[in-house]
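Student:
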Amino acid sequence: MKTTEVYILGGFLGSGKTTLLRNILKQESEAGRKVAVLLNELGSVSVDSGLIGDGVPLKELFGGCICCTIQDKLEVQLHELLTENELDAVYIETTGAAHPVEVLDGIMSPLFAKRLEYKGIITVVDLLRWRDREELSPQLRQLLAEQIHHADFILLNKADLVSEMETAQLTYTIQALNTDAVCLLTEYAAVSLISLQQMQRKRHNGHQKLDVHDHLQLTAVVYTFEGAVAQTDFEEWLRALPETVYRMKGYISFTHSQYPHLFQYSYGMPMYMNEMMKMPLNIVMIGEKLDKEMLIGQLKALEAKAAR
């Protein structure tokens, strides 16, 4: 099955996300790749869609942030993009108020997660705003720090508007929040597509080295059940999970029930809902630097135990 790459573009309003997106789309077109865009707008009127250009499939989400009111709409829009087009990649430009964990949770639907290849989060930081961050409310400062912490690739944008000494100081404070991400100083969010496609987080001898096999900050692990599991064993497994597993959702079949359950898990709290029809038994796990082989091995063991 052909998979579609998914990139999340994050950062505050005015940081340069849309400029970055236009730069990326130009390079994707030159490379002959078929890509689509999903824009999340806080208001009810599109601001950025006219900047995308013709020939690029586009879906828009209005009236809220991916992280709260419109996750169901997001699932529908993304599914339409995937079914109506043969895509190499989808770029999702989020609102400035979006938290990275919430965004990843919103796009990784258990109904089509296996068709997606999550590539990482690209966060654009406006160096001027970061320099003056103490003028922001505590909540916005915390959100900005979270966007940096969970990024896989950080563009330190508008570097031409900050002195060299300030740039060095600001870069140091940003890297202190995320020692694993690649940080790149940019003007007008100019970055090569190849660099983004090979996102990694390791530095060797003080130099950045691109290695596609390094782990992402946030990870999405998809598992497909072949059969039912015992609910008591499953819940015991849940209680033993590390705190770095932030979210889970999907459909799971229990040995005591004819139909699967819709399962959702958020920061240690599980929730189940009965389904009255057969559903694909996929479960999506979202967290920080998850051990994919370990998690899948544990779920396979639960299935094997139930089958005995």
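Take 1 as the starting number for the sequence shown in full-length UniProt numbering and just add one per residue.
By construction, the Cβ of each residue, glycine as well, lies at the ideal position given by its N, Cα and C atoms.
DSSP has residue 312 in a bridge; who is on the other side?
Tutor: Beyond the ends of the chain as shown, which are 1 and 308, falls residue 312; an answer cannot be given.
Student: Which term fits L196, buried or exposed, when burial requires 16 or more other beta carbons within 10 angstroms of its beta carbon?
Tutor: Within the sequence shown, the letter at position 196 stands for residue 196. L196 comes out buried.
Student: Can you tell me whether DSSP reads K73 as helix, strand or coil?
Tutor: The residue you call residue 73 lines up with position 73 of the sequence shown. Of the three classes helix, strand and coil, the one that applies to K73 here is helix, per DSSP.
Student: Applying the 10 Å Cβ sphere with the 16-neighbour rule, what's the burial state of T179?
Tutor: Counting from one through the sequence shown, the residue named residue 179 turns up at place 179. Classification of T179: exposed, given that the 10 Å Cβ count is below 16.
Student: Consult DSSP for H99 and reduce its assignment to one of helix, strand or coil.
Tutor: Counted from its first residue, the sequence shown places residue 99 at position 99. Three-state result, H99: coil.
Student: In this structure, how does DSSP classify S29 when only helix, strand and coil are distinguished?
Tutor: Counted from its first residue, the sequence shown places residue 29 at position 29. Reduced to three states, the DSSP call for S29 is helix.
Student: Exposed or buried, which one is K300 when buried takes at least 16 other CB atoms within 10 Å?
Tutor: Here residue 300 corresponds to residue number 300 of the sequence shown, with the count starting at 1. It is exposed - the Cβ of K300 has fewer than 16 other Cβ atoms within 10 Å.
Student: For I174, is the beta carbon positioned less than 7 Å from some heavy atom of the ligand FAD?
Tutor: The model on display carries no ligand, and the ligand FAD is accordingly not part of it.
Student: Give me the residue from L238, A151 and D126 with the minimum Cα distance to K158.
Tutor: Working through the sequence shown from its first residue, we reach residue 158 at position 158. When only C-alpha atoms are compared, the closest one is D126.
Student: For Q264, report the span of its beta strand (DSSP E) as first-last.
Tutor: The residue labelled residue 264 in the question sits at position 264 within the sequence shown. Its beta strand (DSSP E) spans residues H261 to S266.
Student: From A307 to A228, what distance separates their C-alpha atoms?
Tutor: The residue labelled residue 307 in the question sits at position 307 within the sequence shown. The residue labelled residue 228 in the question sits at position 228 within the sequence shown. Straight-line Cα distance between these residues: approximately 8 Å.
Student: So, with DSSP's three-state summary, where would you put F254?
Tutor: Here residue 254 corresponds to residue number 254 of the sequence shown, with the count starting at 1. Strand at F254.
Student: Less than 8 Å between the C-beta atoms of H99 and E134, yes or no?
Tutor: What you label residue 99 is simply residue 99 of the sequence shown in a count that begins at 1. What you label residue 134 is simply residue 134 of the sequence shown in a count that begins at 1. Contact flag unset, no.
Student: Alpha carbon to alpha carbon, what distance is there between E75 and L39?
Tutor: Looking up residue 39 in the sequence shown gives position 39. Looking up residue 75 in the sequence shown gives position 75. Approximately 13 Å between the Cα atoms of the pair.
Student: Under DSSP, the beta strand (DSSP E) around residue 317 begins and ends at which residues?
Tutor: Residue 317 is absent from the structure shown; the chain starts at 1 and stops at 308.
Student: Would you mind sorting N274 into buried or exposed? The rule is 16 or more other CB atoms within 10 Å of its CB.
Tutor: Mapped onto the sequence shown, residue 274 falls at position 274. The residue in question, N274, is exposed, as its Cβ has fewer than 16 Cβ neighbours within 10 Å.
Student: With the cut-off set at 8 Å, would you say V35 and K114 are in Cβ contact?
Tutor: Residue numbering aside, residue 35 sits at position 35 when the sequence shown is read from its first letter. Residue numbering aside, residue 114 sits at position 114 when the sequence shown is read from its first letter. No, Cβ-Cβ distance for V35 and K114 is not below 8 Å.
Student: Which stretch, first to last residue, makes up the beta strand (DSSP E) that contains Y272?
Tutor: Here residue 272 corresponds to residue number 272 of the sequence shown, with the count starting at 1. Per DSSP, Y272 belongs to the beta strand (DSSP E) from M269 to N274.
Student: Count the other CB atoms, across all protein chains shown, that sit within 10 Å of the CB of Y259; report buried if there are 16 or more and exposed otherwise.
Tutor: Here residue 259 is taken as the residue at index 259 of the sequence shown, counted from 1. Result: exposed.
Student: In terms of DSSP beta bridges, what is V182 paired with?
Tutor: Working through the sequence shown from its first residue, we reach residue 182 at position 182. BP columns for V182 point to F153.
Student: Does DSSP classify H213 as helix, strand or coil?
Tutor: Numbered from 1 along the sequence shown, position 213 holds the residue referred to as residue 213. Interpretation of H213 is limited by its pLDDT of 34, a score under 50 that renders its predicted location unreliable; no figure is taken from the coordinates.
Student: Just the Cα atoms here: how many angstroms apart are residue 367 and S257?
Tutor: Here the chain covers residues 1 to 308 and nothing more, so residue 367 does not appear.
Student: Which residues does DSSP list as the beta-bridge partners of I8?
Tutor: Here residue 8 refers to the residue found at position 8 when the sequence shown is read from its first residue. DSSP, once it has assigned bridges, lists I92 and I121 as partnering I8.
Student: Where does L144 fall in DSSP's three states?
Tutor: Along the sequence shown, read from residue 1 onward, the residue named residue 144 stands at position 144. Correct three-state label for L144: helix.
Student: With distances taken between CB atoms, is the gap from I8 to I92 smaller than 8 Å?
Tutor: Taking the sequence shown and counting its residues from 1, the one referred to as residue 8 is at position 8. Taking the sequence shown and counting its residues from 1, the one referred to as residue 92 is at position 92. In contact: I8 and I92 (Cβ atoms closer than 8 Å).
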